[in-house]
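For the sequence shown, our numbering assigns the number 1129 to the initial residue and increments by one for each residue that follows. Okay, structure first, notes after.
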Amino acid sequence: LAGRKEELSKSIVEIDRVKIGAGKPVIMAGPCAVEDREQIFTTARTVKESGGEILRGGVFKPRTSPYSFQGLGKEGLELLAEVKEETGLLIVTEVMDVRDIDLVAEYADILQIGSRNMQHYPLLREVGKVDMPVLLKRGMTATIKEWLLAAEYILRNGNQQVILCERGIRGFQEYTRNILDISAVPVVRQLSHLPIIIDPSHATGHSELVTPLAKAGVIAGADGVMVEVHPNPEQALCDGEQSLDLPTFQKLVRNLKLLPSNS
Ligand code: PEP
Ligand code: MN
1129 LAGRKEELSK SIVEIDRVKI GAGKPVIMAG PCAVEDREQI FTTARTVKES GGEILRGGVF
1189 KPRTSPYSFQ GLGKEGLELL AEVKEETGLL IVTEVMDVRD IDLVAEYADI LQIGSRNMQH
1249 YPLLREVGKV DMPVLLKRGM TATIKEWLLA AEYILRNGNQ QVILCERGIR GFQEYTRNIL
1309 DISAVPVVRQ LSHLPIIIDP SHATGHSELV TPLAKAGVIA GADGVMVEVH PNPEQALCDG
1369 EQSLDLPTFQ KLVRNLKLLP SNS
């Protein structure tokens, strides 16, 4: 089902007026985690004013350490709902647990499946039964084939609205957090009709590398980018080193708009 078919070379995931996979790269941006009212509202207003379409923000966070900030849970979803009401931005947020799907789906426009859960098959099956787009991040050690087969779990359960997200894979060098597999963009394009976006924030782990790699992704043909943005990256409770501050994000959006689209 994830494979490319002659008659349907490209799927478009459409949510209200936003079309992912229709040629114009879509911008998803926001903090790694929703932290408080001021942080999420300030970020969202900038995302909206800059021309971003989708607000990201985790409320259930898959943290490496159980002692790190785990996210605001339901309270964070309620903040996202208020922000959506004010700005009209669509919301993408991660769901980590089958038991939280109904709750997250009440507030989100796109359900995010994180890298660590790409092969969490019971979760994939269940989001496959929901009538809502799913953003499936590539597992950090997954081959493209494994990733497309993970998408297959969602598709075969009925949900055809899958967006793939390349977020970097593990390599041996230590300077960047992961290695952005830019070739995944044209490879997925050859193998599959599903839209693909890139996440240069988790791929690099360094804010100064986000802009060049976001541009590279769009030039390679990505249908959008997902970037982490924070009003005060030094104070961020999660992933501050890779988060763009607001002026840098605004500049990135201006830069991306100057690039040729991939239609
Ligand atoms: C995220 O986008 O919030 C996230 C945790 O990313 P990943 O699953 O790619 O590590
Ligand atoms: Mn993050």
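All C-beta atoms in this analysis are idealised placements derived from N, C-alpha and C, irrespective of residue type, glycine included. Only a predicted model underlies this, so the values are computations on that prediction, with no experimental measurement involved.
Less than 7 Å between C-beta atoms, sequence neighbours within five positions excluded: which residues of the same chain meet that for Ser1320?
Numbered from its first residue, the sequence shown carries residue 1320 at position 192. The answer, listed in chain order, is Ala1130, Gly1131, Arg1132, Leu1276.
Any heavy atom of the ligand PEP closer than 6 Å to the beta-carbon of His1248?
On the sequence shown, residue 1248 is found 120 positions in, with the first residue counted as 1. His1248 Cβ: outside cutoff for every heavy atom of the ligand PEP.
Taking the continuous alpha helix (DSSP H) assigned at Gly1345, which residues delimit it?
In the sequence shown, counting from the first residue as 1, residue 1345 sits at position 217. Its alpha helix (DSSP H) spans residues 1335–1348.
Please list the terminal residues of the continuous alpha helix (DSSP H) segment that includes Lys1385.
Position 257 of the sequence shown, counting from 1, holds the residue named residue 1385. Note, Lys1385: alpha helix (DSSP H), 1374–1385.
Tell me, which residues are paired with Val1220 by DSSP?
Here residue 1220 refers to the residue found at position 92 when the sequence shown is read from its first residue. Looking at the DSSP assignment, Val1220 forms a beta bridge with Arg1184, Ile1238.
Relative to the ligand PEP, what is the chain-ordered list of residues with a Cβ closer than 5 Å to any of its non-hydrogen atoms?
Gly1186, Gly1242, Ser1243, Lys1265, Arg1295, His1330
Below 6 Å, is the gap between the Cβ of Asp1367 and the nearest heavy atom of the ligand MN?
The residue you call residue 1367 lines up with position 239 of the sequence shown. Checking every heavy atom of the ligand MN against the Cβ of Asp1367, one is found closer than 6 Å.
What is the C-beta distance between Gly1299 and Leu1308, in whole angstroms, given that I count them as a contact (C-beta under 8 Å)?
One-based indexing of the sequence shown puts residue 1299 at position 171. One-based indexing of the sequence shown puts residue 1308 at position 180. About 10 Å; that fails the 8 Å criterion.
Which residue from Tyr1303, Asp1259, Glu1274 puts its Cα closest to that of Gly1286?
On the sequence shown, position 158 is the one that residue 1286 refers to. Per the Cα distances, Asp1259.
Compare the C-alpha of Gly1345 against each of Cys1366, Gln1318, Arg1305, Cys1293 and name the closest.
If you number the sequence shown from 1, residue 1345 lands on position 217. Closest by alpha carbon: Cys1293.
Is Pro1261 near Ile1238, with beta carbons less than 7 Å apart?
On the sequence shown, position 133 is the one that residue 1261 refers to. On the sequence shown, position 110 is the one that residue 1238 refers to. Yes, these two residues count as a Cβ contact at 7 Å.
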